[in-house]
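Line by line, the protein sequences are chains A, B, C and D. Position 229 of the first sequence, counting from 1, maps to 228 under numbering that gives the first Met the number 0, and the rest follow consecutively. Position 39 of the second sequence, counting from 1, maps to 38 under numbering that gives the first Met the number 0, and the rest follow consecutively. Position 90 of the third sequence, counting from 1, maps to 89 under numbering that gives the first Met the number 0, and the rest follow consecutively. Position 70 of the fourth sequence, counting from 1, maps to 69 under numbering that gives the first Met the number 0, and the rest follow consecutively.
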Amino acid sequence: MSERYDVIIVGAGPAGLATAYFLVKKGFKVIVLERGSEPGSKNVFGGRIYSYVLDKYFSGWRSEAPVERWVRREKLSLLCKNDVVSLEYEIGREIDGYDSFTTFLSRFLKWMALRVEQEGAIVATSVRVDEVLFDDGKARGVRVGEDKLEAEYTVIAEGANTLLLEKHSLRDKISPKDITIGIKEVIKLGREKIEERFGLIGEEGLAQFLLSPLFGGGFIYTMKDYVSIGVVYRPLIKDQVEAKDVIEELRLHPSISKLIGDGIPIEYSAHIIREAGYRDLMSKPYGDRYLVVGDAAGLLLNTGFTIRGVDLAIESGRLAGEAIDRISKGEDPSIYVKLLRESEIIQMLKKFRGVPEVLSNHKIYTVYPEIACRILKNMYSVDESPITLRESIREATGSRFSMIKFILELLFMVKNL
Amino acid sequence: MKKMTVEERLTLTKFEVHSKPHITLDLQKCRRCDLKLCISSCPAGLYTLDESGEVKFTYEGCLECGACRIICPEGSISWSYPIGGFGVQYKFG
Amino acid sequence: MKIMLYGESIEWIKQARTVADILDGETIGVTPSRELGNEAVKILNKVYVFDSIHYEPNSYYKTIYKIAEEVKPDLSIFPSTIKGRTLAGLYAGSRDEPVITDVVDLRYVGRFLEVKRLVYGGACVAVLRASTPLTICISQGAFKPSEKGENGKIEYFSRVDEERVQTIFKPREYLGIPLERAEVVVVAGRGFKKREDLEMVKELSSRLDGAWSVTRPLAADYGWADTWIGISGAIVSPRLYIAIGVSGQPLHMIAARNSKTIIAVNKDPSAPIFEEVDYGIIGDLYQVIPRLLEKIKKKT
Amino acid sequence: MKILTLIKLTLDISQLKYESTGEPLTEIAPKKMGDSDKCAVEEAVRLKEKLGAYTVVATIGSTSENERIIRDAYAMGIDEGYIVKVEDPEILQATSIGKIVSSLVEKTGPYDLIILGAGSLDTHSYTLGSIIASKLNIPIIAGVDSLQYVDGFFEALCIMEDGAYTFRAKAPLVVTVTTEANEPRIPTLKTILRSKKMEVKTLTIHDLGVDDVVKVDLLDVKRYVVNRRKILWDASEDLEKAVDKFIEVLVSEGVAQ
Chain A
0 MSERYDVIIV GAGPAGLATA YFLVKKGFKV IVLERGSEPG SKNVFGGRIY SYVLDKYFSG
60 WRSEAPVERW VRREKLSLLC KNDVVSLEYE IGREIDGYDS FTTFLSRFLK WMALRVEQEG
120 AIVATSVRVD EVLFDDGKAR GVRVGEDKLE AEYTVIAEGA NTLLLEKHSL RDKISPKDIT
180 IGIKEVIKLG REKIEERFGL IGEEGLAQFL LSPLFGGGFI YTMKDYVSIG VVYRPLIKDQ
240 VEAKDVIEEL RLHPSISKLI GDGIPIEYSA HIIREAGYRD LMSKPYGDRY LVVGDAAGLL
300 LNTGFTIRGV DLAIESGRLA GEAIDRISKG EDPSIYVKLL RESEIIQMLK KFRGVPEVLS
360 NHKIYTVYPE IACRILKNMY SVDESPITLR ESIREATGSR FSMIKFILEL LFMVKNL
Chain B
0 MKKMTVEERL TLTKFEVHSK PHITLDLQKC RRCDLKLCIS SCPAGLYTLD ESGEVKFTYE
60 GCLECGACRI ICPEGSISWS YPIGGFGVQY KFG
Chain C
0 MKIMLYGESI EWIKQARTVA DILDGETIGV TPSRELGNEA VKILNKVYVF DSIHYEPNSY
60 YKTIYKIAEE VKPDLSIFPS TIKGRTLAGL YAGSRDEPVI TDVVDLRYVG RFLEVKRLVY
120 GGACVAVLRA STPLTICISQ GAFKPSEKGE NGKIEYFSRV DEERVQTIFK PREYLGIPLE
180 RAEVVVVAGR GFKKREDLEM VKELSSRLDG AWSVTRPLAA DYGWADTWIG ISGAIVSPRL
240 YIAIGVSGQP LHMIAARNSK TIIAVNKDPS APIFEEVDYG IIGDLYQVIP RLLEKIKKKT
Chain D
0 MKILTLIKLT LDISQLKYES TGEPLTEIAP KKMGDSDKCA VEEAVRLKEK LGAYTVVATI
60 GSTSENERII RDAYAMGIDE GYIVKVEDPE ILQATSIGKI VSSLVEKTGP YDLIILGAGS
120 LDTHSYTLGS IIASKLNIPI IAGVDSLQYV DGFFEALCIM EDGAYTFRAK APLVVTVTTE
180 ANEPRIPTLK TILRSKKMEV KTLTIHDLGV DDVVKVDLLD VKRYVVNRRK ILWDASEDLE
240 KAVDKFIEVL VSEGVAQ
C-alpha cells in the first residue's frame, strides 16, 4: 500500500487514543486501528475516571466529555447475607472541582476518538490487526487480513488480553491467579429514582465499593439515568457461584434490590482485569520501533478500593508520545522506561504493590464482612443484656480467631491498601 | 424478584456474529483436564458439559472477556478476536 | 366515506370489508381476476375487474390509479403483502397521499382517523393520527372477516400496459419461499437425533406451504443446515411458528417472538418454550410428528 | 452507468428494550445500516466492478451515525455520498421522503438505476421504493432476490407469495432488494482507509428545493404484548387427541384443510 504513516497504534482504548492524541499534537502522522465497529464497542470498565489527568491535557473536557455524574459520595459496604455494614464519605467541595466522575467507557472513548480526529489523526474501526510485521526484530507495521500497513513506529495498545504480544513472544500468557473478571450490568432506573434512593442532587454521583462472601468484590456507580453494578469475580476460588450467575447475587441482594430492583437491565458485559499490579508490569515495554502502552503493558493500578486504568493509560500514552518523539530525534528506545520511571505511574504501582496479595486473601471477602456485620449487629441489638464493644468483638470473632490475630490481619490489610 | 438466567441476560447485549467461530477447542487436550474451570468461569455460560462428559461450547454470546483462554490449564482453548467489526458490540461498556 | 380496496383473495377482502364496517363506508373493490370479482361482488357495493395474466406492479398500479380517478376514494386499502405494499407505495406516491402499512385497527376520532399500526417488525404498536385521503395496508389476519353481504355491481376495466417491464412467471412449486417471508415456519431443535430425521420437518413445512429451519446448534454445531433462526441467524415473524424439539432458549425465541401464533412439540414439560406458546404438545416428537403427517396425508 | 443507492439508519429491532410502561427505549437501541440496504450497496458495487458503473449513496438524517453508514458504504466500494440533513427522518411521512429523494435524483442525477433495500422493518415498510418510482415516473421492480444485468436489461428474480417472477426492464429503473440478493462484502483495511479519506457531502432539503415535509402525527408507541394462550396437551397420555388438536389448530390458522 502506498500509504505511509509515522505511527500505527493498535487499539482505540484510552491508552491507544491518548498516545495518538499526544503524537499528533507533536506533528506525527498517526493512524489508530480498532477492531470494534466503533471506538469503545469492545471496552468494559466499572464506571469512574479521575479528572486530574484530563484537566492536564484536554482543555474544555468538563463541558464536552460525556460525564454522567461527578462523584461526591464514596461508600464502602460489607454485604453479609442479610446485613450490611457501610462506611461513607461525602466530599464537601463545589461540584466542578471534583476528583472523579462516572461515565460509560464506550461513550467516553467515542469522545476521545473525536478529539483525536479533530487533531488530525485517523481512527479506523472494524480493523483487526492480525500481526505486527517484524523485520529482524524491527517493527515495520502491521498485517490486517491480506493487507499490510507500514509505519516508522508501532504502538501496541491492545488491552488486557495481550494476544499480539503473546503471538510475538514479547509477553507470557498471564497466570490465572493474576486475573479477575469484571462482570457488569447496566440498569436503567431513571434520574428521579436514582437521586431519591441514593441521596444525590443534580450532578452528584455515588461510587460504592462492596465486599461480600456472596460474590467477592463488587461496585456500584450511579450515572444520570442508569446504574452500573458489577462484580469482580475471582475464578480460582472453589465452591462459589459460577461466573454466569454471580451478578444476580449482587442485583438480588436485599439491600441492593430495593434500590435498583425495579430498574430495567440494559446491557450485560464482562472483561478480564489484570490484577497483579507492579509484578505484572512489562520489564521492557518497548523494542526496536515499537512500544507497549496501557493495560497491555501492565499499567493498571488497583489500590484496593479503586481500580485505576483510564488515567494511567492516558498518562502512559503521553509518555509514549514523548518517547517516540525523542526516539525519532535519535535517543535510545529505553527512554520510554526512563520516562515511565520518572513519572508518578511506576511510583504509584510500587507503592500499592502489596494490594494484590491482600485482595487475593479470600478472608477479606468471606470472613471479615461477616465479622463486621456481627459486631455491629451485637452492638445495635437491644435486649435486656446490653454488651460493650469489646464484648461484641470478642463474641463475633470468638471461636474463629484470637483477637490479636484479627487485629494483626486488619493492620496488614490497611498497611497494604 | 426473579433471577435472570444468563441466556436472558445475553439478549441484553448486542452481538454481530460472524459465521466463523473465533474460539476453537482441542478436545484431545480438553479430555485430559479434570478441573474444567472454563465452565464455572465463563460469564456468558458458553461452556457446558454434554451427556458424555465432554465440554461443548458456543461462541455466539461471547463477551470477549478473555478468561477462558487464560484459565484453561491444558491450553486447549484457542481464542482470537472475531474479525473486525464482528462480535460483541457494547453500547455502554 | 368511499373505501376502495384492492384484493387478490376473498379471505382478505372479507377482512378489509370489516374496516369499511368500522368506518361505515361504501365499498368499492378492485381485483385482477373475473373469478374473484364474481365472489367479491357478493360482499362489496361495487367491484372493478381488470383482466390480467400475471402480476406486474407498474401496469397494475396505473390501472388501479385510473379506477381511483373514477371512484375518488377517501380510503384505499391494499394487502400488507410484498405485492400489496409495492402497489400501495406506487399508488399513494402518484396520488401524493400518505400511506400507512401494517394497520391493525382504526377508528374515527373527530375529523381524523386514528390508526394503529405495527412497527419495529411487529414488536410495537404505534397510534397515528391521519386525515383522508389515505392509503393503508392491512395484513391477512389483522381483522376478523366481515359477515356482511351486498349485491354489488361488477364493472370490467381494461388493464393499462406498462411496456417497459416484461414479466415471466413460474408458479409456486418452482422455489421454496424464503424463510423471512414464509407465512408458516417449521423449526427443528435439539430434540432431533439424526440429520435424516429433519425430513419430517421438511415434509411438514412443504405440506403447509411454509419454510423450514433449525435452531443454532443444529446448524452451527452439527452442520445439518446452513442457516438458523436465532438472534445471530434469521429473525422471523410468520403467521404460524411450529417449533419441534426446540427448548426455547432466549437467543432463539427473541428471533421468533413476533410470530402471530406459536405451536411447540417437546417431550420436556418444563421446557421454557411452553411459556411462550399458544398451543403446546407435551410428547415425543418421534411419535407426534409421524402420526401428524399420516393424518394430514390422509386428509388431502 | 450511474447508480444511486439509498441507505437508511435503522434500529436494530432485536435489541429493543422497553420501559416498564411499554414504551420502547429507542434512544438507546443500536442503530445500523439496514440489512437489505447493505445488500443494495453490495449490488451497486458489483455492478460497478462488472460494468464500470459510477456509484453514489445517499441517506437522510442528521446524526453522526448517518455519516458512519455513508462511510461504511464507501468502505464497501461506493464512489460518492450525500447526507440530506433532516431532523428525525423516521417521523416523516414516506411520501415526503419520496419527494426528497426525487429532488435529490434531479439534482445529482440522472441515474440509470436507483437501488435500495426492500424494507427496513420500521415505519416505511417496503413502500419507499415504489413511492420514489411513482414520483420519478419510472418503473420499479420490488423485492428482488437476485439481480442480473444481461444484454442491456436488468433481470430480476422475485419470489412472492404465489410463485417466482422474473422481471426484465431497461434503465432508468428503481429496484428494491431483499437480504436474499447477495452476501455483502466485509471491508478490508485498504477500503476502510479509503473510506476515511473520502468526502461526505451534505445537503439540506432547501438545497433540494423541498420546502415542506409532512410529519407523521404520532400519538403513541407501545410494546405489542402478545398474550400467548399456553394451551397444552399431553401426548404421552393421549397421542391421538394431541395430534387431532394440533391439526385443529392448523385448520383454524388456515394452513391446512
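Don't be surprised by glycine CBs; every beta carbon is placed ideally from N, CA and C.
Report yes or no: do three or more beta-carbon pairs, one from the segment 2 to 9 of chain D and one from the segment 244 to 255 of chain A, lie closer than 8 Å?
The segment 2 to 9 of chain D is not in contact with the segment 244 to 255 of chain A.
Looking at Q239/A and the ligand GDP, is the gap between the Cβ and the nearest heavy atom below 8 Å?
As for the ligand GDP, it is missing from this structure, which has no ligand bound.
Is K16/D close to chain G? Criterion is C-beta to C-beta, closer than 9 Å.
You won't find chain G in this structure, because its protein chains are A, B, C and D.
Around the Cβ of Y173/C, are there at least 16 other Cβ atoms within 10 angstroms (buried) or fewer (exposed)?
Within the third sequence, numbered from 1, the residue matching residue 173/C stands at position 174. With a pLDDT of only 42 at Y173/C, under 50, the local geometry of the prediction cannot be trusted, and no value is derived from it.
Can you pull the chain B neighbours of L250/C, defined as C-beta to C-beta under 8 Å?
Position 251 of the third sequence, counted from the start, is the residue given in the question as residue 250/C. Going along chain B in sequence order, the residues near L250/C (Cβ under 8 Å) are E6, L9, T10, E59 and G60.
Do you know whose CA, among S269/C, R16/C, A91/C and L117/C, lies nearest Y60/C's CA?
Reading the third sequence from its first residue, position 61 is the one you call residue 60/C. Checking every option, the nearest Cα to that of Y60/C belongs to A91/C.
Quick one: using the 10 Å Cβ neighbour count with 16 as the cut-off for buried, is K41/A buried or exposed?
As a working mapping, residue 41/A is identified with position 42 in the first sequence. K41/A comes out buried.
Need the endpoints of the beta strand (DSSP E) that R273/A sits in, please.
Looking up residue 273/A in the first sequence gives position 274. Looking at the DSSP string, the run of the beta strand (DSSP E) that includes R273/A is I263 to R273.
Got a sec: is the Cβ-Cβ distance from N81/A to anything in chain B below 9 Å?
Reading the first sequence from its first residue, position 82 is the one you call residue 81/A. Not closer than 9 Å to any Cβ of chain B, the Cβ of N81/A fails to qualify, so no.
Determine the chain D residues that contact G39/A at a beta-carbon separation under 9 Å, and present them in chain order.
The sequence position of residue 39/A within the first sequence is 40, counting from 1. Simply none; closest approach about 13 Å.
Any idea if K183/A is buried or exposed, counting beta-carbon neighbours within 10 angstroms, 16 or more meaning buried?
By one-based count along the first sequence, residue 183/A stands at place 184. Classification of K183/A: buried, given that the 10 Å Cβ count is 16 or more.
Relative to the C-alpha of G243/C, which residue among A233/C, N257/C, A219/C and E198/C is closest?
Looking up residue 243/C in the third sequence gives position 244. Looking at the sequence itself, residue 243/C is Ile, so the reference to Gly does not match. Ranking the options by Cα distance to I243/C, first place goes to E198/C.
What residue range is occupied by the uninterrupted alpha helix (DSSP H) comprising G286/C?
The residue labelled residue 286/C in the question sits at position 287 within the third sequence. Note that residue 286/C is Gln in the sequence shown, not Gly. Note, Q286/C: alpha helix (DSSP H), L284 to K298.
Mind listing the chain A neighbours of L36/B? Cutoff is C-beta to C-beta under 8 Å, in chain order.
Within the second sequence, numbered from 1, the residue matching residue 36/B stands at position 37. Chain A residues near L36/B: P175, P234 and L235.
Kindly say whether R106/A, judged by its beta-carbon, lies nearer than 9 Å to any beta-carbon of chain B.
Here residue 106/A is taken as the residue at index 107 of the first sequence, counted from 1. Answer yes: the Cβ-Cβ gap between R106/A and chain B drops below 9 Å somewhere.
At 8 Å on the CB atoms, spell out the chain A contacts of S19/D, in chain order.
Looking up residue 19/D in the fourth sequence gives position 20. Those are D261 and I263, listed as they occur along chain A.
Given this structure, state the Cα-to-Cα distance separating E42/D from D34/D, to the nearest angstrom.
As a first step, residue 42/D is located in the fourth sequence; it is residue number 43 there, counting from the start. As a first step, residue 34/D is located in the fourth sequence; it is residue number 35 there, counting from the start. Distance between the alpha carbons of E42/D and D34/D: 13 Å.
Name the residues in the segment 178 to 211 of chain D whose C-beta lies less than 7 Å from a C-beta of chain A; which are they?
Taking 7 Å as the Cβ-Cβ cut-off against chain A, the residues of the segment 178 to 211 of chain D that qualify are P186, T187, L188, K189, I191, L192 and K195.
Taking L47/A as the reference, give the member of F208/A, K176/A and L348/A with the closest Cα.
For the purposes of this step, residue 47/A is identified with residue 48 of the first sequence, where counting begins at 1. According to the sequence shown, residue 47/A is Arg rather than Leu. For the residues F208/A, K176/A and L348/A, the minimum Cα distance to R47/A belongs to F208/A.
Are the CB atoms of L43/C and L4/C nearer to each other than 9 Å?
Here the question's residue 43/C lines up with position 44 in the third sequence. Here the question's residue 4/C lines up with position 5 in the third sequence. The answer is yes: Cβ separation under 9 Å.
Below 9 Å on C-beta distance, what does P29/D contact in chain B?
Position 30 of the fourth sequence, counted from the start, is the residue given in the question as residue 29/D. By Cβ distance, chain B contributes K13, Q88 and K90.
Roughly how many whole angstroms lie between the Cα atoms of I306/A and I271/A?
For the purposes of this step, residue 306/A is identified with residue 307 of the first sequence, where counting begins at 1. For the purposes of this step, residue 271/A is identified with residue 272 of the first sequence, where counting begins at 1. Those two C-alpha atoms are separated by around 13 Å.
Strictly below 9 Å CB to CB, what residues from chain B border I253/C?
As a position in the third sequence, residue 253/C is number 254, starting the count at 1. Here the neighbours are T10.
With V245/C as the anchor, note down where its beta strand (DSSP E) starts and where it stops.
Your numbering for residue 245/C matches position 246 in the third sequence. No beta strand (DSSP E) holds V245/C; DSSP gives it neither H nor E.
Taking G15/A as the reference, give the member of I236/A, V154/A, D324/A and C372/A with the closest Cα.
Locating residue 15/A in the first sequence gives position 16, counting from the first residue. The residue with the shortest Cα to Cα distance from G15/A is V154/A.
So D11/D contacts chain B; which residues on that side make the cut at Cβ distance below 8 Å?
The residue given as residue 11/D occupies position 12 in the fourth sequence. Near D11/D (Cβ distances below 8 Å), the residues of chain B are K13.
Please name the residue or residues paired with G86/B in a DSSP beta bridge.
Counted from its first residue, the second sequence places residue 86/B at position 87. Paired residues: E15/B.
Do G229/A and G39/A have their beta-carbon atoms positioned less than 9 Å apart in this structure?
Locating residue 39/A in the first sequence gives position 40, counting from the first residue. Locating residue 229/A in the first sequence gives position 230, counting from the first residue. Their beta carbons are not under 9 Å apart, which means G39/A does not touch G229/A by this criterion.
Excluding the 5 residues preceding and the 5 following A159/A in the sequence, name in chain order all residues of the same chain whose CB lies nearer than 6 Å to its CB.
As a working note, residue 159/A is residue 160 in the first sequence. Cβ within range, chain order: I271, R273 and D294.
Could you work out which residues of chain C lie near L112/D, taking near to mean beta carbons separated by less than 7 Å?
Position 113 of the fourth sequence, counted from the first residue, corresponds to residue 112/D. The premise fails here: L112/D is roughly 14 Å from chain C at the closest Cβ pair, so nothing lies under 7 Å.
Quick one: using the 10 Å Cβ neighbour count with 16 as the cut-off for buried, is R70/D buried or exposed?
Here residue 70/D is taken as the residue at index 71 of the fourth sequence, counted from 1. With 16 or more other Cβ atoms within 10 Å, it is buried.
Among the candidates A312/A, A269/A and M378/A, whose CA atom is the shortest distance from the CA of L9/B?
On the second sequence, position 10 is the one that residue 9/B refers to. Comparing Cα-Cα distances from L9/B to each of A312/A, A269/A and M378/A, the minimum goes to A269/A.
Report yes or no: is there a C-beta of chain C within less than 9 Å of the C-beta of P81/B?
Locating residue 81/B in the second sequence gives position 82, counting from the first residue. Not one chain C Cβ lies under 9 Å of P81/B.
Opposite L99/A in the DSSP bridges: which residues?
Counting from one through the first sequence, the residue named residue 99/A turns up at place 100. The residue asked about is misnamed: residue 99/A is Ser in this sequence, not Leu. Beta-bridge pairing links S99/A to Y49/A.
Which of the three DSSP states is assigned to K277/A in this structure?
In the first sequence, the residue the question calls residue 277/A occupies position 278. Per the sequence presented here, residue 277/A reads as Tyr, with Lys not at that position. If DSSP states are grouped into helix, strand and coil, Y277/A belongs with the helices.
Looking at C-beta atoms only, is the number of pairs between the segment 244 to 253 of chain D and the segment 129 to 136 of chain D that lie closer than 8 Å three or more?
Flag = no, the segment 244 to 253 of chain D and the segment 129 to 136 of chain D do not touch.
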